[in-house]
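Asks: Pasting in a structure now, in structure tokens, and then I'll have a few things to ask.
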Amino acid sequence: MAKIKTLYYCQNCGAQHSKWQGQCNSCREWNTLVEEVIQKSDNKPWNSEAAPNLKRTTKPLRISEIEVSKEERLKTNNHELDRVLGGGIVPGSLTLLGGEPGIGKSTLLLQISLNLNYRTLYVSGEESQQQIKMRAQRINPDSDKCFILTETKTQNIFQQIEKLEPEIVIIDSIQTLQTDYIESGPGSISQIRECTAELIKFAKETATPVILIGHITKEGSIAGPKVLEHMVDTVLQFEGDRNHVYRILRAHKNRFGSTNELGIYEMQGNGLREVSNPSEILISKNDEDLSGTAIAATLEGMRPLMIEIQALVSSAVYGTPQRSTTGYNAKRLNMLLAVLEKRAGFKLGAKDVFLNITGGISVDDPALDLAVVAAILSSNEDIAIPKDISFAAEIGLAGEVRPVTRVEQRILEAEKLGFSSIVVSAQNKFPKNNFEIKIQKVSKIEDVVSYLFG
Ligand SMILES: [Zn+2]
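Numbering-wise, the sequence shown is residues 623 to 1076 according to this note's numbering.
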């Protein structure tokens, strides 16, 4: 007879407590402890002895004996995902794909599974095999490498893994998994933690990469403890307004690469299309000359992106002027407004200012400053900025226009997309200037004002 034991888990941080108490010892949150039944059964989870073919033994090696090629990454045939991961999936790694329900996580991973050149096991606890087949038919019905399993018990999943010996395992989703080892229901903290631990053991012992889907709660954190994020090697976030056509994939944590890269997809009837030239979609194709828009040359990771900033400046109807931003740091906007007021004499204190980055993405790059300022001034003066001018510079507190990193890459992207000029800081130096695009150098806000509005 197994001994029944209960423990209290903090729903916020996942800390374990032996008795109930009002406040979590670990994260100091109140009323977050929930009782969960733990039953130790003798039914051992992942047992590598049962699958000797899958087991890859490791022994100590001299540094000179380690072959670098052993760390070959698995290419997914999906360039956006490969780039965000840092060049493909690392063998034996655990990747968590988080995002709000309905954003398209399953669509993305099913699509990737169906196009892989590796034997793939797609485990779904959310949909039946028939439902998945219906979705697969719209993507790649001829895939013969992808196996679909509808199962939620980890013990049964591992049995199937032993038979199939897949090269990649995908779990949709971690919240539906259940192990015999723990009594509490699926989706509870102890279940999520234990199932993830079993999968990690499997992944590390067999060098098989595992990708988990994790739903995000209303509060914006991945349902289940933060512990889950600490356990896995890579945390990817799939975001974008559900009403927007575009989806952004970014890494919040990456043990094998940078977290700066960004993947962009377009939601279409037959799945997600990779957007290989994102600058084109982020700039509206409006031929009219409208005031209040400016184009910034920004960088996301290694990739340059041209994005459109829209500003609306109007007299405040009510007493307190409103400041509102979408996709841009509100504190940064307030700072730029203060600089415009103090250093350039624009009276914006009594105006409402709304700022928006088009395409539903959010960008945090100081090189946006100049385009933000230009968009605000353009709206305030009601004079349109010519569509073929772009901007890449930071604004300092003294109203000076500051240089930005990797400016040549930004200039090249602007040139590639047919802009006729780009405004940068006079302090930006480049060794050789063989650009066709006109480079307008400015050193303070007044220079920008006279350049744009004469
Ligand atoms: Zn806690």
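Here a beta-carbon is modelled for each residue, glycine too, at the ideal position from N, C-alpha and C.
The model shown is predicted, which means the values in this text are computed figures rather than measured ones.
CA-CA distance, R695 and S715?
Replies: Taking the straight line joining both Cα atoms gives about 10 Å.
Asks: Hey, is R757 close to ligand 1, as in C-beta under 8 Å from one of its heavy atoms?
Replies: No, the Cβ of R757 stays beyond 8 Å of every heavy atom of ligand 1.
Asks: What three-state label does DSSP hand G636 in the structure shown?
Replies: The answer is coil: DSSP assigns G636 none of H, G, I, E or B.
Asks: For the alpha helix (DSSP H) that L738 lies in, which residues bound it at each end?
Replies: From DSSP, L738 is part of no alpha helix (DSSP H); its letter is neither H nor E.
Asks: Could you round the C-beta distance between Q733 and G893 to whole angstroms and report it? I think they count as a contact, below 8 Å.
Replies: Between G893 and Q733 the Cβ distance is about 5 Å, and since that is below 8 Å, they are a contact.
Asks: My output table needs one value for P988: the three-state DSSP class, helix, strand or coil.
Replies: Reduced to three states, the DSSP call for P988 is helix.
Asks: Would you mind reading off the limits of the alpha helix (DSSP H) that contains F1013?
Replies: It is not in any alpha helix (DSSP H) - F1013 instead sits in the beta strand (DSSP E) that spans I1011 to A1014.
Asks: So, with DSSP's three-state summary, where would you put L707?
Replies: Here L707 sits in helix by DSSP.
Asks: What are the start and end residues of each continuous alpha helix (DSSP H) run of 4 or more residues lying completely inside the region 874 to 913, in chain order?
Replies: Runs of the alpha helix (DSSP H) inside the region 874 to 913: 900 to 904.
Asks: So, I790 versus L738, is the Cβ gap smaller than 9 Å?
Replies: The answer is yes: Cβ separation under 9 Å.
Asks: Whole angstroms is fine: what's the gap from E787's alpha carbon to K767's?
Replies: E787 and K767: Cα-Cα distance of roughly 12 Å.
Asks: Can you tell me where the alpha helix (DSSP H) holding H852 begins and where it ends?
Replies: K848 to M853 is the extent of the alpha helix (DSSP H) around H852.
Asks: Run through DSSP, which three-state label would T915 get?
Replies: Three-state result, T915: strand.
Asks: Taking 9 Å as the cut-off, decide whether the C-beta atoms of A1015 and S1047 are in contact.
Replies: Taking 9 Å as the Cβ cut-off, A1015 and S1047 qualify as a contacting pair.
Asks: Does the beta carbon of R650 fall short of 8 Å from some heavy atom of ligand 1?
Replies: Yes.
Asks: Would you kindly report the start and end of the unbroken beta strand (DSSP E) that includes K964?
Replies: That residue, K964, is in no beta strand (DSSP E); its alpha helix (DSSP H) goes A952 to A966.
Asks: Is N634 near ligand 1, going by C-beta to nearest heavy atom under 8 Å?
Replies: Indeed, a heavy atom of ligand 1 lies less than 8 Å from the Cβ.
Asks: Starting from A933, follow its DSSP beta bridges and name the residues at the other end.
Replies: A933 pairs with L977.
Asks: When every heavy atom of ligand 1 is checked, does at least one fall within less than 8 Å of the C-beta of A637?
Replies: Result yes, Cβ under 8 Å from ligand 1.
Asks: Cutting at 7 Å between CB atoms, please list the residues of its own chain near V659, excluding the five before and the five after it.
Replies: These residues qualify, in order along the chain: I626, T628, E805 and S806.
Asks: Compute the Euclidean distance between the alpha carbons of H1079 and G981, then round it to the nearest angstrom.
Replies: Because residue 1079 is not part of the residues shown, which for the chain are 623 to 1076, the question remains open.
Asks: According to DSSP, W652 sits in a beta bridge with which residue or residues?
Replies: Its beta-bridge partners are Q645.
Asks: Measuring straight from C-alpha to C-alpha, what distance separates L719 and G836?
Replies: Taking the straight line from one Cα to the other gives about 6 Å.
Asks: Beta carbon of V712, beta carbon of F860: below 9 Å?
Replies: No, the pair does not count as a contact, with Cβ atoms beyond the cut-off.
Asks: Taking the CB atoms as reference points, tell me whether I998 and L970 lie closer together than 9 Å.
Replies: Against a cut-off of 9 Å, the Cβ pair of L970 and I998 comes out as a contact.
Asks: Taking only the alpha-carbon atoms, compute the straight-line gap between F824 and T698 and give it to the nearest angstrom.
Replies: Going from the Cα of F824 to the Cα of T698 covers about 21 Å.
Asks: Once DSSP output is grouped into helix, strand and coil, what is the label at T729?
Replies: Helix.
Asks: Let me check one thing: in DSSP terms, what residues is K1066 bridge-paired to?
Replies: DSSP output for K1066 lists E1022 as bridge partner(s).
Asks: In the structure shown, what three-state DSSP assignment does K1060 receive?
Replies: Here K1060 sits in strand by DSSP.
Asks: If I'm right that I1017 touches V961 with Cβ under 8 Å, what's the distance once you round it to whole angstroms?
Replies: Indeed they touch by this definition, with Cβ atoms about 6 Å apart.
Asks: Are K775 and L799 closer than 9 Å when you measure CB to CB?
Replies: Taking 9 Å as the Cβ cut-off, K775 and L799 qualify as a contacting pair.
Asks: Per DSSP, E922 is paired with what?
Replies: In the DSSP output, where bridge partners are listed per residue, E922 has R925.
Asks: What residues in its chain sit with their C-beta under 6 Å from that of F968, if we drop five residues either side in the sequence?
Replies: Around F968: L962.
Asks: Checking 9 Å against the spacing of the C-beta atoms, do L730 and R869 come in under that value?
Replies: Yes, the Cβ-Cβ distance between L730 and R869 is below 9 Å.
Asks: For R945, which residues from the same chain have a beta carbon less than 7 Å from its beta carbon, with the 5 sequence-adjacent residues on both sides left out?
Replies: So the list reads A952, L955, N956 and V975, once near-sequence residues are dropped.
Asks: Taking only three categories from DSSP, how would you classify S812?
Replies: Looking at S812 - three-state DSSP - the assignment turns out to be helix.
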